[in-house]
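I have placed the structure first, in the form of structure tokens, so that the comments after it can refer back to it.
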Amino acid sequence: MVKLSVDFLKRIKGVKKIIGSRENEFSSFAYDSRLIKGGELFFAFKTDKNDGNNYIESALKKGAKGYIGQKEIQIENGFTGIIVDDTHEFLYNVAKEILRKSSAKVIALTGSAGKTTTKEFLAFILEGFYKTFKTPKNFNSDIGVPLGILEKFEEETEVAVFELGTNRFGEIEKNSLMIKPDIAAILNILRTHLEKLGTVEGVIRAKEEIFAGLKKDGKILLNFDNEFTKKIGDKYREKIFFGMSEEADFRFNIIKRDLLNGTRLAFTDGKEREIFQSNIFLSTHIENLIAAISLAKALGLKSKKIMERVKLLKPYIHRGEIIKINNSLILDDSYNSNPDALKLILNDFKLIKGKKIIIVGEILELGEKSVQIHKEVASYFEELKDKVDKIYFVQGDMIYPYQILREKKEWSERVFFYDSYKEFRERFFSLLKEDVSILIKGSHGTNLYKLIEEVKDGIEK
């Protein structure tokens, strides 16, 4: 864990004044005064909605040992106050200096979907052989990334894996310039975050910012199977394409795939051919696994070592996790959603035999195109008329595919709409009494994942 002395902090760009003790050293950090446990360095962030400078005194009373903010207050002996021009910018400079002093190899990845899962898969592979840092949870914003460094980075780190996300221009660029990656990858470009980025072209421009801080001899990895990332490759002489296409530099193909036994993947780079056996079933997760293997190969990790770790991989919570309860089987992919990922998982789900039910939540962050896109996804479900028994649409603009299907004779009594997960909750638990396979898919903000957490709590009790 990172330890920050006052002597270290005073040399960071942006310090205006230091008050109180100069002997303190900090190894725990907080930016929410309500979560103070004792001994933390409190970061007082100023946002459009709130000003953390108003909570400095509260943080110190609750046990914080020091603070960084834009407000000077009277503090007791033993406490430290670091007055700065801008708390956000100072945090950024602190994290940048921590990485500058480290010899760790840095891997950065971004994309419209699959960032967190790919990061987790890659970190799991690397953890078997290196002291590995990964951005905690989904800390992938311009605040989350530097905070993650403070919370989890260690001096002994050999490889650092960063997930970079955005919903506005300049955010990924700033983080890339801070972490200075040795390897940077764009996993895919999809129709997400259109509310702030406007068009798919805007998404491409925002994701391409990941290369802003790439080291001179750094490696660029791009998904050849995605039409937009493939086009990005035209701009760079040196790059590695990965994917299932015959033209990819790192080529993969599926030998066998089923729900119970996972997936066998063949890999070749034109020189050698290897087989990777995994517990992964979903198409989206296979894409994430392909990206993770490709990044591990680009780092220089030997295939035998990668194979060893891939065999042990399992889906992560709310991301393709399989839960058995009574005679029911739940395929839980409730962490997030976008139109393309929804289509892929529906194609996977229809391969499962027996009675099948789909629960699908609203796709959020689509901006002014939301209604149009939700109407378009109705066609995804129309193709499943002989493959699934019932569909439950939950929240907001999911009313549009529901209305379209309800007008069709073959669907009129098999589709249902609920305004919220709370309204749907009682019906959901009644479904679990049936012998059925259930798919749950929706954006995080629909809260469908909370239904799964209730199920797990019930199993544990």
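Residue 93 in this note's numbering sits at position 113 of the sequence shown, with consecutive numbering throughout.
Where is the CB? At the ideal position from N, CA and C, for every residue including glycine.
{"Check": "Beta-carbon spacing of Tyr47, Gly58 below 7 Å", "Outcome": "no"}
{"Check": "Residue environment, Asn233, which counts as buried when at least 16 other CB atoms sit within 10 Å", "Outcome": "exposed"}
{"Check": "For Leu279 and Glu387, the rounded distance between their alpha carbons", "Outcome": "53 Å"}
{"Check": "Nearest to Lys333 (by Cα), restricted to the options Ser7, Asp366 and Arg2", "Outcome": "Asp366"}
{"Check": "Cα-Cα separation, Ile305 to Ile266", "Outcome": "25 Å"}
{"Check": "The alpha helix (DSSP H) enclosing Lys132, as first and last residue numbers", "Outcome": "Gly124 to Lys132"}
{"Check": "Three-state class that DSSP yields for Thr243 in the structure shown", "Outcome": "strand"}
{"Check": "Enclosing beta strand (DSSP E) for Ala228 [first to last residue]", "Outcome": "Ala228 -> no beta strand (DSSP E), and no H or E assigned at all."}
{"Check": "Within 7 Å, strictly: CB atoms of Leu419 and Leu311", "Outcome": "yes"}
{"Check": "Spatial neighbours of Pro126 in its chain, beta-carbon cut-off 6 Å, leaving aside the 5 residues before and after", "Outcome": "Leu71, Tyr72 and Ala75"}
{"Check": "Chain-order list of residues whose beta-carbon lies under 8 Å from that of Val64 (same chain, five-residue window excluded)", "Outcome": "Gly(-6), Val(-5), Lys(-4), Ile48, Gly49, Gln50 and Phe70"}
{"Check": "Nearest to Lys85 (by Cα), restricted to the options Asn34, Glu288, Val141 and Ile303", "Outcome": "Val141"}
{"Check": "7 Å Cβ cutoff met for Ser417 and Leu309", "Outcome": "yes"}
{"Check": "Cβ pair count under 8 Å reaching 3, the stretch 105 to 113 against the stretch 155 to 172", "Outcome": "no"}
{"Check": "Residue environment, Asn241, which counts as buried when at least 16 other CB atoms sit within 10 Å", "Outcome": "exposed"}
{"Check": "Beta-carbon contacts of Ser314 that lie in its chain and below 7 Å, excluding the five residues immediately before and after", "Outcome": "His298, Ile420, Lys421, Gly422, Leu428, Tyr429 and Ile432"}
{"Check": "Residues that DSSP places opposite Phe373 in a beta bridge", "Outcome": "Val340 and Phe397"}
{"Check": "C-beta neighbour in chain C for Lys211, strict 7 Å", "Outcome": "Here there is only one protein chain, and chain C is not present."}
{"Check": "Separation of Thr426 from Ser156, as counted between CA atoms", "Outcome": "31 Å"}
{"Check": "Contact check, Ile78 vs Ile129, beta carbons under 7 Å", "Outcome": "yes"}
{"Check": "Start-end ranges of the beta strand (DSSP E) lying completely within the stretch 57 to 93, minimum 3 residues", "Outcome": "60 to 64 and 85 to 90"}
{"Check": "As assigned by DSSP and simplified to three states, the class of Phe408", "Outcome": "helix"}
{"Check": "Buried or exposed by the 16-neighbour rule on C-beta atoms within 10 Å, applied to Ser(-15)", "Outcome": "exposed"}
{"Check": "Under the three-state DSSP convention, the category Phe25 falls into", "Outcome": "coil"}
{"Check": "Span of the beta strand (DSSP E) around Tyr47", "Outcome": "Gly46 to Gly49"}
{"Check": "Buried/exposed call for Tyr216, threshold 16 Cβ in 10 Å", "Outcome": "exposed"}
{"Check": "Complete alpha helix (DSSP H) runs within the stretch 92 to 117 (minimum length 4 residues, chain order)", "Outcome": "95 to 107"}
{"Check": "Burial state of Thr264, where buried means 16 or more other Cβ atoms lie within 10 Å", "Outcome": "buried"}
{"Check": "Outcome for Gln375 when other beta-carbon atoms lying within 10 angstroms are tallied against a minimum of 16", "Outcome": "buried"}
{"Check": "Continuous beta strand (DSSP E) stretch holding Ser417: start and end", "Outcome": "Ser417 to Lys421"}
{"Check": "Inter-residue spacing [alpha-carbon to alpha-carbon] between Gly0 and Val183", "Outcome": "46 Å"}
{"Check": "Simplified DSSP state of Tyr35, which is helix, strand or coil", "Outcome": "helix"}
{"Check": "Helix, strand or coil at Leu269 [DSSP, three-state]", "Outcome": "helix"}
{"Check": "Straight-line gap, Ile16 to Lys99 (C-alpha atoms, nearest Å)", "Outcome": "29 Å"}
{"Check": "Beta-bridge partners of Thr248, as assigned by DSSP", "Outcome": "Arg231 and Arg253"}
{"Check": "Residues of its chain near Lys323, where Cβ-Cβ distance is below 6 Å and the 5 sequence neighbours each way are ignored", "Outcome": "Tyr360"}
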